[in-house]
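Visitor: Protein chains in written order, with the numbering used here: chain A, 1 to 81; chain V, 82 to 637.
We put the CB at the ideal spot given by N, CA and C, even for glycine.
What you are looking at is a predicted structure, and each value in this text was computed from that prediction instead of being measured.
I'd like to ask you about the structure that follows.
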Amino acid sequence: MTLSKELLLEFVEEKLGVDAAEVDEDTPLFSSGIIDSASMVDLIVFVESEGNVKFGPDDITLDHLDSIGRILRFVADRHEQ
Amino acid sequence: MENLFELVARHAGQSEPRIAVSKWRPGDGFVETSYGELSREAKRFAALFAQLTPAQAMIPMLVGKSADSIACMLGAASADRPFCFLNTKYRGPQVAAILDGIDASICIADAAGLVALRGAWRDHPRIARTRWVVVGEPALTGISAEAAEDLQRVADVILLGEHDRHGARGAEEEVRRHGSARANVEATCLFTSGSTGAPKGVLISEADLMRRVATEISWFALTKEDVLLSILPFSFDVGLNQLMTALAVGAELVLLDSWLPADIVSTTEKRKVTGISGVPSIWQDLINSGVRFDKGGRHASLRYITISGGSLSRKYLEQLPSVAPGVEIFKTYGQTEAFRATSLRPEDYQNKLESVGKAFPGVRLYVVRDDGTRCRVGEIGEVVHTGLGIMMGYLERTDGNRELSEKLRKNPFHGQDDPSPFAVFTGDLGYLDDEGYLFLKGRQDGMLKVMGNRVYPQEVINQIVTLPGVREAVVSGVTRADGQTVVVAFVALLRGAELSAAAVRKMLSAKLPAFMIPKEIVFVQQMPRTPSGKPDQRRLVEEYTAGDREGVAPCA
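Structure follows, in structure tokens:
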């Protein structure tokens, strides 16, 4: 299965307890405080397994993770390389 | 002594424009604000506060870190009103209790504050009764915009983003005439997560706040050429002091809303950061992440980092210099009630690794027994702090006089050598070595008695984190249903590591006496954290005793 917006929203709602209706692609998730930083590891594990990518130490940045759109762009960029 | 607003106005008045604040936004890079702009905005806020609130009213701010929130703080100082930053991790019940406690008529919020409050006004009439001033930076979008609309239905809301900052006219007259920082007037109120769970307000006087600032400027040798990286929230004393020192000295403060090692390292490079104040969890994450500072190359600007607000385990203390080679490491120790008590200088780091150093200039430290007499060298007792940085008192006692409490007492060592009238009994246990360096052993209320033996959780933690695969550990006493107190360890593993409770106990048995070995080892996926980044011990124990296996799930 490939990572999609819908899949990420489902994860955010079910595992991170955020109402998916409140979140769109550009909503900042961590820097806004909507999702607690403690949940980031869960999100990374999910993105790695569903998106079939690996985060290196330099990749774990808010530029890549702060919104659903950013996550999808990061995964897409990785697959292009 | 000048007050903070005037110091900032002075930097603003210099012919060469200087950057006061740069704020990082994911994807957009850095937005800069000069001292001139900051000072102008502060005057507008001052006028607004003078218009909306009675004299000396405390101005609560449920805001993240931004140029606007800093201007708000300066505006309050200029309008002669104490400010208080509330952590945006607070939710309805804490915010309502604080608004009540300070008898607030208005509260400032930004996007982060609105997100924190979402929906809470329905359950907490105190929030709906408050007049909300919503600052426009960062811009409201999505959830925060909806929250603002929702709040407008129940409460009086002033949206400053679309507003002309009414009262901007005549702002000059509102700016305070008397410039000196006063000893008997509150400058700010800091909220700590007291041991009972409800936030406790700690009042700090203007004069004391400015003395703290001056002391810290000289301790870290700060100048206007410095660029300080702000990772910690302003609601936390270490974060607030970093903000104040940067403003007072005319340096640039770089605001970062990310605690991620890669973000910290790249921001340090991009802004040529010279100093970073950090808490143990930040450095622990950095060590585990595999990224590091390169003092010889792209991080040549970085002069110093601090380890503040808690203790880093020995294993990580040993590793830290290798991820920041050539960078000076300061350890600091203090409490919200009695700010910086000690600091360990970089030159002592290797020799006194587990010490928190010696008393800060202006501070005196004593280690005392239960009967109040002083401990011998090496003998463990309660740490007592006198002199610089002592609070005025807790919020509930707001008549301007210091009221004594369990924590704030008359200085028992008052005399020619120690003129401080008051002392803070920290509740921290520690000892002084023969050279006067302080070593902490933990909290008085965290010390455990097991079969007649004293167990200091930090000693056990130090051993657990040296086990292969362990990232972090918390050790606590838990009273079981049968009344027995048992030692429980909450252990977070490194990514991909596997470890069983039996293996942990077996390995510990070679390192610790039997009574110190935890009876139960609970593996946690994620270490829950308090707003200031410390492991949230209370939550761990609560979830453990409640048998809530979702929060603290055994993962091996």
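Within the continuous beta strand (DSSP E) that includes ILE602/V, where are the two ends?
Guide: Under the DSSP assignment, ILE602/V falls in the beta strand (DSSP E) whose first and last residues are 601–605.
Visitor: Taking 8 Å as the threshold (beta carbon to beta carbon), is PRO314/V in contact with chain A?
Guide: no
Visitor: Hey, does ILE60/A have any beta-carbon neighbour from chain V nearer than 8 Å?
Guide: yes
Visitor: Output needed for PHE164/V: all residues of its chain with C-beta closer than 7 Å, excluding positions within five of it in sequence on either side, in chain order.
Guide: ILE140, MET142, MET154, ALA157, ALA158 and THR269
Visitor: Using a Cβ cut-off of 9 Å, which residues of the region 595–611 of chain V contact any Cβ in chain A, in chain order?
Guide: GLN606, GLN607, MET608, PRO609 and ARG610
Visitor: Less than 8 Å between CB atoms is the rule here; does GLY51/A satisfy it with respect to chain V?
Guide: no
Visitor: Quick one: grab the DSSP three-state call for MET142/V.
Guide: strand
Visitor: Using the rule of at least 16 other Cβ atoms within 10 Å of the residue's Cβ for burial, across every protein chain shown, is ASP480/V buried or exposed?
Guide: Its pLDDT being 49, under 50, ASP480/V is placed unreliably in this model, and the coordinates cannot settle the point.
Visitor: Below 9 Å between beta carbons is the criterion; list the residues of the region 343–354 of chain V that meet it against any residue of chain A, in chain order.
Guide: Of all residues in the region 343–354 of chain V, the ones placed with a Cβ closer than 9 Å to any Cβ belonging to chain A are ALA343, ASP344, VAL346 and SER347, in chain order.
Visitor: Would the beta-carbon of VAL546/V fall within 8 Å of that of SER394/V?
Guide: In this structure, SER394/V lies closer than 8 Å to VAL546/V by Cβ.
Visitor: Using three-state DSSP, classify PRO612/V as helix, strand or coil.
Guide: coil
Visitor: Let me see if you follow: with CB-CB separation under 8 Å, is ALA192/V close to chain D or not?
Guide: No chain D is part of this structure, whose protein chains are labelled A and V.
Visitor: How far does the alpha helix (DSSP H) with LEU321/V in it extend, from its first residue to its last?
Guide: 318–330
Visitor: At least one CB of chain A closer than 8 Å to the CB of GLY248/V: is that the case?
Guide: Because GLY248/V carries a pLDDT of 47, less than 50, the predicted location of this residue cannot be relied on, and the following value inherits that uncertainty. Not closer than 8 Å to any Cβ of chain A, the Cβ of GLY248/V fails to qualify, so no.
Visitor: Rounded to whole angstroms, what's the CA-CA distance from ASN84/V to LEU324/V? Just pull it up for me.
Guide: 14 Å
Visitor: GLY33/A touches chain V at which residues, Cβ-Cβ below 8 Å?
Guide: GLY145, THR169, LYS170, ALA193, VAL196 and ALA197
Visitor: Label PHE420/V either buried or exposed according to how many other C-beta atoms from any shown protein chain fall within 10 Å of its C-beta, with 16 as the threshold for buried.
Guide: PHE420/V is buried by the Cβ-count criterion.
Visitor: Counting pairs of Cβ atoms below 8 Å between the region 599–606 of chain V and the region 64–74 of chain A, do you hit three or more?
Guide: no
Visitor: Do PRO314/V and ASN534/V count as a contact pair if the criterion is CB distance below 8 Å?
Guide: no
Visitor: Are the C-beta atoms of ARG70/A and some chain V residue less than 8 Å apart?
Guide: yes
Visitor: When we look at the beta-carbon of LEU575/V and count the other beta-carbons within 10 Å, is it buried (16 or more) or exposed?
Guide: Within a 10 Å sphere around the beta-carbon of LEU575/V sit fewer than 16 other beta-carbons, which makes this residue exposed.
Visitor: Which residues in the same chain as PHE130/V place their Cβ atom closer than 7 Å to its Cβ, once the five residues preceding and following it in sequence are excluded?
Guide: ILE140, GLY156, ALA157, ALA160 and ARG162
Visitor: So which of GLY378/V, THR413/V, SER389/V and ALA178/V has the shortest CA-CA distance to ALA405/V?
Guide: GLY378/V
Visitor: Rounded to a whole number of angstroms, what is the C-alpha to C-alpha distance between ILE357/V and ILE386/V?
Guide: It is roughly 5 Å from the alpha-carbon of ILE357/V to the alpha-carbon of ILE386/V.
Visitor: Going by alpha carbons, who is nearest to ASP515/V out of GLY468/V, LEU485/V, ALA554/V and ARG457/V?
Guide: ARG457/V
Visitor: Could you compute how far the alpha carbon of ALA252/V sits from the alpha carbon of LEU119/V?
Guide: Residue confidence is low: ALA252/V scores 46 on pLDDT, short of 50, so the model does not pin down where it sits. No coordinate-derived value is stated.
Visitor: Note down, in chain order, all residues in the region 13–39 of chain A with a beta-carbon under 8 Å from any beta-carbon belonging to chain V.
Guide: GLU22, VAL23, ASP24, ASP26, THR27, PRO28, PHE30, SER31, SER32, GLY33, ILE34, ASP36, SER37, ALA38 and SER39
Visitor: Identify every run of the beta strand (DSSP E) within the region 176–250 of chain V, keeping only runs that are complete inside it and at least 3 residues long; order them along the chain.
Guide: Counting whole runs of 3 or more residues, the region 176–250 of chain V contains the beta strand (DSSP E) stretches 187–190, 212–215 and 238–240.
Visitor: Please report the residue range of the beta strand (DSSP E) in which ASN534/V lies.
Guide: 534–536
Visitor: Where are the beta strand (DSSP E) runs, 3 residues long or more, that stay fully inside the region 392–464 of chain V, in chain order?
Guide: Fully enclosed beta strand (DSSP E) runs of 3 or longer: 409–416, 419–425, 436–440 and 444–449.
Visitor: For ASP328/V, tell me which candidate among ALA582/V, PRO609/V, LYS592/V and HIS92/V has the shortest Cα-Cα distance.
Guide: It should be noted that the sequence gives Leu, not Asp, for residue 328/V. LEU328/V has its Cα closest to that of HIS92/V, out of ALA582/V, PRO609/V, LYS592/V and HIS92/V.
Visitor: So, at 6 Å on beta carbons, what are the nonlocal neighbours of ALA262/V in its own chain, with the 5 sequence-adjacent residues on each side left out?
Guide: Taken in chain order, the residues that qualify are MET82, ASN84, GLU287, ALA288 and MET291.
Visitor: Tell me, please, whether the region 198–206 of chain V touches the region 300–318 of chain V by the rule of three or more beta-carbon pairs shorter than 8 Å.
Guide: no
Visitor: Can you tell me which residues form a DSSP beta bridge with ILE35/A?
Guide: In the DSSP output, where bridge partners are listed per residue, ILE35/A has none listed.
Visitor: Within this structure, are the beta carbons of SER39/A and PRO107/V separated by less than 8 Å?
Guide: no
Visitor: Note the first and the last residue of the continuous alpha helix (DSSP H) segment covering ILE151/V.
Guide: 148–159
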